[in-house]
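Peer 1: Have a look at the structure that comes next, please.
Number of protein chains: 2
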Amino acid sequence: MERSKVLAALGALAHETRLDLIRLLMPLGAAGMPAGRIAQALGLAAPRLSFHLSALEQAGLLRSRKEARNVIYSVDAAGIGQTISYLLNDCCSDHPEVLAACAHGRAERDRVQGCTAVTASGTVKT
Amino acid sequence: MERSKVLAALGALAHETRLDLIRLLMPLGAAGMPAGRIAQALGLAAPRLSFHLSALEQAGLLRSRKEARNVIYSVDAAGIGQTISYLLNDCCSDHPEVLAACAHGRAERDRVQGCTAVTASGTVKT
DNA sequence: AGGTTATTTCAACGCTTCTTGAATAGTTGA
DNA sequence: TCAACTATTCAAGAAGCGTTGAAATAACCT
Numbered sequence: 007m008e009r010s011k012v013l014a015a016l017g018a019l020a021h022e023t024r025l026d027l028i029r030l031l032m033p034l035g036a037a038g039m040p041a042g043r044i045a046q047a048l049g050l051a052a053p054r055l056s057f058h059l060s061a062l063e064q065a066g067l068l069r070s071r072k073e074a075r076n077v078i079y080s081v082d083a084a085g086i087g088q089t090i091s092y093l094l095n096d097c098c099s100d101h102p103e104v105l106a107a108c109a110h111g112r113a114e115r116d117r118v119q120g121c122t123a124v125t126a127s128g129t130v131k132t
Numbered sequence: 007m008e009r010s011k012v013l014a015a016l017g018a019l020a021h022e023t024r025l026d027l028i029r030l031l032m033p034l035g036a037a038g039m040p041a042g043r044i045a046q047a048l049g050l051a052a053p054r055l056s057f058h059l060s061a062l063e064q065a066g067l068l069r070s071r072k073e074a075r076n077v078i079y080s081v082d083a084a085g086i087g088q089t090i091s092y093l094l095n096d097c098c099s100d101h102p103e104v105l106a107a108c109a110h111g112r113a114e115r116d117r118v119q120g121c122t123a124v125t126a127s128g129t130v131k132t
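Quick look at the structure:
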């Protein structure tokens with residue numbers, strides 16, 4: 007991923023409302039949610055929501071599609087993944103302490119739900 | 007990590023000069039580099055550099071210490087790690103496609119240098 | 001066609017951030 | 001103490017970002 011795109015993505019994420027949007031939409035995956043219901047869920051005025059949604063879309067972190075009279079927004083998992091990947095791999099050169107912090111955050115939940123390892127070949131249940 | 011700290015960290019990273027600073031300092035680890043040499047390396051005016059360095063330090067991504075007449079700046083790997091961890095774990099709920107993107111970025115280098123896996127117990131050479 | 005709902009665009013204002021040069025503070029060595 | 005070096009603070013101006021309400025566009029239903 008090019009640096010300019012990463013910068014745009016980070017700038018988009020560095021805002022309370024927009025981070026809320028990602029957190030709200032991420033669990034829904036490709037199904038997403040219509041703009042109106044997002045506004046309702048987060049208690050946002052329509053123009054303000056629209057502004058932030060298009061900021062995230064332009065940064066490659068969200069996708070949108072029309073369905074009837076609604077516009078459905080959903081996360082662009084690839085875009086988000088590439089952004090985090092840049093930070094982790096390119097920017098931090100896989101610094102051991104950085105990787106450890108990421109694994110540690112995951113460890114808490116894994117203790118309950120079973121361990122998940124990230125390897126070069128993908129995500130594997132162990 | 008609290009959300010407000012993550013937002014501050016993301017805001018700090020979302021700037022070309024500051025991302026350059028992190029990328030410059032990350033490989034040096036705790037050893038770091040004096041401000042003057044950083045300015046020289048990146049071709050920045052002293053006040054401008056100082057502004058961005060303190061922005062990164064206040065965001066918890068950099069540390070500083072005095073040595074003789076120099077101020078040495080070095081990365082705060084824990085702060086950076088926690089920021090990425092928040093994005094990866096809390097914000098994205100370990101979405102498989104996001105994890106895959108991160109693993110993929112690493113895969114290229116691993117093919118040459120041997121595979122590294124992130125597990126709940128830390129980073130392990132395999 | 002007319003009314004209704006859903007969403008975006010526009011324009012204006014206020015606020016914060018970034019950059020620059022000048023001035024200031026702290027440290028070292030003669 | 002004086003001079004040299006290193007780094008930060010200050011002040012001012014330019015630029016960009018975020019919020020708001022009003023207006024416009026688009027799609028649907030009767």
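So the protein sequences, as listed, match chains A and B.
Here our numbering runs 6 ahead of the position in the first sequence, where the first position is 1.
Here our numbering runs 6 ahead of the position in the second sequence, where the first position is 1.
C-beta: ideal position from N, C-alpha, C; glycine also.
If I measure Cβ to Cβ from B:E73 and keep anything under 8 angstroms in the same chain, skipping five residues before and after, which residues do I get?
Peer 2: These residues qualify, in order along the chain: P40.
Peer 1: Give a yes or no on whether 7 angstroms exceeds the smallest Cβ distance from A:A107 to chain B.
Peer 2: Taking Cβ atoms only, chain B reaches closer than 7 angstroms to A:A107, which makes this a yes.
Peer 1: When you check each C-beta in the stretch 32-54 of chain B against every C-beta of chain A, which residues fall closer than 7 angstroms?
Peer 2: Hits within the stretch, in order: M32 and P33.
Peer 1: When you check each C-beta in the stretch 91-107 of chain A against every C-beta of chain B, which residues fall closer than 9 angstroms?
Peer 2: Going along the stretch 91-107 of chain A in chain order, one finds S91, Y92, L93, L94, N95, D96, C97, C98, S99, D100, H101, P102, E103, V104, L105, A106 and A107 with a Cβ nearer than 9 angstroms to chain B.
Peer 1: Applying the criterion that 16 or more other CB atoms from any shown protein chain within 10 Å of the CB defines a buried residue, is B:R112 buried or exposed?
Peer 2: So B:R112 ends up on the buried side.
Peer 1: Which first and last residues belong to the alpha helix (DSSP H) in which A:S91 is found?
Peer 2: Start and end: A83 to S91.
Peer 1: For B:D82 versus B:L93, is the C-beta spacing smaller than 7 angstroms?
Peer 2: It is not a contact, given that the beta carbons lie outside the stated cut-off.
Peer 1: At the 7 angstroms Cβ level, is B:Q64 part of the contact set with chain A, yes or no?
Peer 2: Not one chain A Cβ lies under 7 angstroms of B:Q64.
Peer 1: Please classify A:R29: does DSSP put it in a helix, a strand, or coil?
Peer 2: Three-state DSSP puts A:R29 in a helix.
Peer 1: Is the Cβ of A:R71 closer than 7 angstroms to any Cβ of chain B?
Peer 2: False, the Cβ-Cβ gap to chain B never drops below 7 angstroms.
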